[in-house]
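Numbering (the working numbering), first residue to last: 46 to 191.
Right under this line is the structure:
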């Protein structure tokens, strides 16, 4: 008998008792995709390390030699004006040798171009400085994190 005839004949239809496989297949494909995405992260190497602890200490300013470049590119070494860039290497060399100061604090105005700062670094290194630092302003709004 065809389904049309059953309806017409008044015989009640039996519900389909099979399982719907579409949600099962969707779930399986989602799990496979998650596995494919997470697989590289599962094989990442994580080495056990112990990081050193550090604290900020105050530096004795007297240990540092200050080299200053103003916005108009005037130079000074420890407060003494240097007349020209040509004299700077000689002045620095003498100060480094005489005062035994190998720590240089470069105070460069923020409007000075990078090429000028780079040139100053080369001169300072050639003078025999072993450590160079750049002076910056402290941010009054910054908070220390521990």
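Don't be surprised by glycine CBs; every beta carbon is placed ideally from N, CA and C.
Proximity of residue 151 and residue 133 at Cβ, strictly below 9 Å: Here the question's residue 151 lines up with position 106 in the chain shown. Here the question's residue 133 lines up with position 88 in the chain shown. No.
Cα-Cα separation between residue 63 and residue 78, rounded to whole angstroms: The sequence position of residue 63 within the chain shown is 18, counting from 1. The sequence position of residue 78 within the chain shown is 33, counting from 1. Cα-Cα distance, rounded: 27 Å.
Cβ pair residue 178, residue 149 closer than 9 Å: Mapped onto the chain shown, residue 178 falls at position 133. Mapped onto the chain shown, residue 149 falls at position 104. Result yes, Cβ atoms of residue 178 and residue 149 sit closer than 9 Å.
In DSSP terms, what residue 152 is bridged to: Counting from one through the chain shown, the residue named residue 152 turns up at place 107. Note: residue 152 sits in a beta bridge opposite 113.
Nearest-angstrom Cβ-Cβ length linking residue 17 and residue 154, presumed shorter than 8 Å: Because the chain is modelled from 46 through 191, residue 17 falls outside the range shown and cannot be assessed.
Cβ shell of residue 113 (< 6 Å), same chain only, five flanking positions each side left out: Position 68 of the chain shown, counted from the first residue, corresponds to residue 113. Cβ within range, chain order: 121, 152.
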